[in-house]
Amino acid sequence: MTEMAAGRPGPRKPRELRDVHEFLDQVRLRPGMWVRRGSLQHLDSMLVGYAVACEIHDSDESFDFWNSGPFSQWLWKRMNMAYPSNLGWAVEIERAAESAGMPPMEMFFSLLDEFRAERGRARSTHEK
1 MTEMAAGRPG PRKPRELRDV HEFLDQVRLR PGMWVRRGSL QHLDSMLVGY AVACEIHDSD
61 ESFDFWNSGP FSQWLWKRMN MAYPSNLGWA VEIERAAESA GMPPMEMFFS LLDEFRAERG
121 RARSTHEK
């Protein structure tokens, strides 16, 4: 994951980023720099801090990563869970990654890519 994928921008300064998804793209480039021990729970905490800072500064940015937000709702369906987990998306992905023998951060970004792709298709369908 440390190699830059084709078509993805390289490292940028935080002030150059426009939204949480661009921030997550930076985390993907250098997860060890941003997230302690590759813990998705630490990433979740960081994202909550990001959302709180947006609220404090009156940003109108939508935030997909609350534990009852769009990413979680999508994830519960994707994981065939009958009901939302009270533990949150980070814990559930870490559990699924352990069962699959996959690094949790790698699984998160794979799921994030799916989520983004499906949202992109949903948006373009509604825009027509």
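Straight run, no breaks: the sequence shown in full-length UniProt numbering ends on number 128. Using N, Cα and C, we set each Cβ at its ideal position, and we do this for glycine too.
For Lys77, the enclosing alpha helix (DSSP H) begins and ends at Pro70 to Arg78. Looking at the backbone, the Cα of Ser45 and that of Asp113 are separated by about 20 Å.
Per the C-alpha coordinates, the member of Arg28, Val35 and Leu40 positioned closest to Arg95 is Leu40. Per DSSP, the unbroken alpha helix (DSSP H) holding Glu22 starts and ends at Val20 to Leu29. Only residues of its own chain outside the window of five on either side were considered, and among them Val20 and Phe23 have a CB closer than 7 Å to the CB of Tyr50, listed in chain order. Excluding sequence positions up to five before and after Glu92, its CB lies within less than 6 Å of the CB of Ser85, all in the same chain and listed in chain order. Here the alpha carbon of Pro70 sits roughly 13 Å from the alpha carbon of Ala117. Rounded to the nearest angstrom, the gap between the Cα atoms of Tyr83 and Gly10 is 38 Å.
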